[in-house]
DNA sequence: CCCGCAACTTGACACTGACAAGATTGCCCG
DNA sequence: CGGGCAATCTTGTCAGTGTCAAGTTGCGGG
């Protein structure tokens, strides 16, 4: 008898196994962190054999590197749409909240293949987007070195996002909208000197 | 013959296996991150059997939780010695650089036993030290909510430290002293409004 | 002195990432 | 149109890991 049992029988070719494994991996990482990620578990979820993922990502490191590259691409995209620097910061925080798995992996270099081409180019793109947003505020008009202003803005946004994801701001921020809170912080950092009276 | 070969013969009891494993673990984590940590490897380094670590830490999670608790203790100690808030920030950054393994584990909650007593008390201590340093600047005199000022200061220091450890500031900061750079950032955040003329 | 308990060992099991070799299938080129 | 080829996926295997259970060793207090 030929294997015509289409309802239960899986096709030999998954169709889009790469995407399926990526999204499953993102779920696992968002829930339990990168250390909880198991290639065999992802294969089981996708209904394929335990060695199938290796064909798309070669490695565990390869999978995580692909995730990081995708993350930097997404981040660059949203940063490039930002109006001003404060908006860029808000988008940075929003990105971390909407893509926690990407975010976490992007900034854990020991999990990544540092010389991967897709990764490095995507990261460069995101870096340029960030620098663009910073230079738009003309920090030199505040008497501040542009590069330092960039580091300050990035540190503030990155620290806020990181603390948020690690549930260290649940107390202070409470149920307030994190993006709104961050807007206040950004205002603290880049307020003009009030030379005008009052 | 009695076992008098102190040079080659290992005693059955290690002496201070707990500390030995902790420091070995810190080395591994600082070099290759928490995911590279293997209990069996630590046991080998200490010259004990593969199950010996479990007696002191029960778990891999237990070991990491102990590291995090120790880290929060150290952090609380140094923050309590800070003169003002800027100094506290500098100490925060210095702590991250001098104890990168502790720092990384402390802020990776999915690796920790969240309800561990030692951990929660140490973390609370560190949190109080931080709040103390923030309240000392009387942020309300700047027209800023104290709680938000704390979040801002913490975010800035934490983001800077995190980006530093993940080698994301190697370009911008270069070979400059990171603590000095951070001093500049802190000054940006908490400068007074220059109401006085000039 | 001895006995109890903490520190450590030995052994086992299920799970994992990685590799090698084979099976299946879509599809491109003749 | 059909044959082969390369991409995709499977099966089998190996060393390494965390964790548990059960046994050993040896120190210190009764």
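Residue numbers (the numbering used here), protein chains in the order written: chain A, 1 to 198; chain B, 1 to 198.
Positions of the beta carbon are idealized from the N, C-alpha and C atoms, including for glycine.
Burial state of residue i (16 or more Cβ within 10 Å)
i, result
"residue 191(A)", "exposed"
"residue 194(B)", "Its pLDDT being 49, under 50, residue 194(B) is placed unreliably by the model, and the measurement read from it follows with that caveat. The residue in question, residue 194(B), is exposed, as its Cβ has fewer than 16 Cβ neighbours within 10 Å."
"residue 70(A)", "buried"
"residue 91(B)", "buried"
"residue 114(B)", "exposed"
"residue 83(A)", "exposed"
"residue 167(B)", "exposed"
"residue 138(B)", "exposed"
"residue 117(A)", "exposed"
"residue 150(A)", "buried"
"residue 15(A)", "exposed"
"residue 55(A)", "exposed"
"residue 121(A)", "exposed"
"residue 143(B)", "exposed"
"residue 50(A)", "exposed"
Cα-Cα separation between residue i and residue j, rounded to whole angstroms
i, j, result
"residue 52(B)", "residue 37(B)", "15 Å"
"residue 66(B)", "residue 177(A)", "33 Å"
"residue 108(A)", "residue 101(B)", "13 Å"
"residue 68(A)", "residue 124(A)", "12 Å"
"residue 188(B)", "residue 136(A)", "18 Å"
"residue 211(A)", "residue 145(B)", "Outside the displayed span of chain A (1 to 198) sits residue 211(A), for which this structure offers no information."
"residue 153(A)", "residue 134(A)", "8 Å"
"residue 63(A)", "residue 164(A)", "25 Å"
"residue 103(A)", "residue 96(A)", "6 Å"
"residue 169(B)", "residue 17(B)", "37 Å"
"residue 148(B)", "residue 181(A)", "8 Å"
"residue 32(B)", "residue 141(B)", "45 Å"
"residue 72(A)", "residue 85(B)", "34 Å"
"residue 129(B)", "residue 89(B)", "12 Å"
"residue 198(B)", "residue 119(A)", "In this prediction, residue 198(B) has a pLDDT of 38, which is less than 50 and means its spatial position is unreliable; what the coordinates show is noted afterwards. Their backbone Cα atoms lie some 49 Å apart in a straight line."
"residue 105(A)", "residue 19(B)", "31 Å"
"residue 21(B)", "residue 112(B)", "17 Å"
"residue 48(A)", "residue 131(B)", "51 Å"
"residue 174(B)", "residue 183(B)", "16 Å"
"residue 179(B)", "residue 179(A)", "29 Å"
Among the options, nearest to residue i - alpha-carbon criterion
i, options, result
"residue 185(B)", "87(B), 28(B), 111(B), 16(B)", "87(B)"
"residue 42(A)", "30(A), 25(A), 58(A)", "25(A)"
"residue 126(B)", "54(B), 80(B), 18(B)", "80(B)"
"residue 34(B)", "60(B), 47(B), 20(B)", "60(B)"
"residue 45(B)", "57(B), 58(B), 23(B), 30(B)", "23(B)"
"residue 30(B)", "175(B), 99(B), 48(B)", "99(B)"
"residue 110(B)", "19(A), 21(A), 28(A)", "28(A)"
"residue 58(A)", "162(A), 131(A), 39(A)", "39(A)"
"residue 94(B)", "162(B), 174(B), 175(B)", "162(B)"
Neighbouring residues, chain B, relative to residue i (Cβ below 7 Å)
i, result
"residue 155(A)", "156, 159, 160, 163, 185"
"residue 189(A)", "188, 189"
Cross-chain neighbours of residue i in chain B, by beta carbon under 8 Å
i, result
"residue 167(A)", "109"
"residue 76(A)", "Correct list: empty, because the minimum Cβ distance to chain B is about 15 Å."
"residue 21(A)", "The premise fails here: residue 21(A) is roughly 19 Å from chain B at the closest Cβ pair, so nothing lies under 8 Å."
Contacts that residue i makes with chain A (C-beta to C-beta distance below 9 Å)
i, result
"residue 35(B)", "34, 35, 108, 110, 111"
"residue 126(B)", "In chain order: nothing, as chain A lies at least about 11 Å away."
"residue 67(B)", "The contacting residues do not exist; residue 67(B) stays about 14 Å from chain A at best."
Near the ligand GTP: residue i beta-carbon under 8 Å from a heavy atom
i, result
"residue 84(A)", "Of the ligands one can find in the structure shown there are none, so the ligand GTP has no counterpart to examine."
7 Å Cβ cut-off: residues of chain A touching residue i
i, result
"residue 136(B)", "Those do not exist, as residue 136(B) stays about 17 Å from chain A at its closest Cβ, beyond 7 Å."
"residue 147(B)", "172"
"residue 150(B)", "172"
Contact set between residue i and chain B, taken where Cβ atoms lie within less than 9 Å
i, result
"residue 90(A)", "Those within 9 Å of residue 90(A) in chain B number zero; the least Cβ separation is about 14 Å."
> Are at least three pairs of beta-carbons, each pair with one atom in the stretch 147-166 of chain A and one in the stretch 65-78 of chain A, less than 8 Å apart?
Replying inline: Segments in contact, no.
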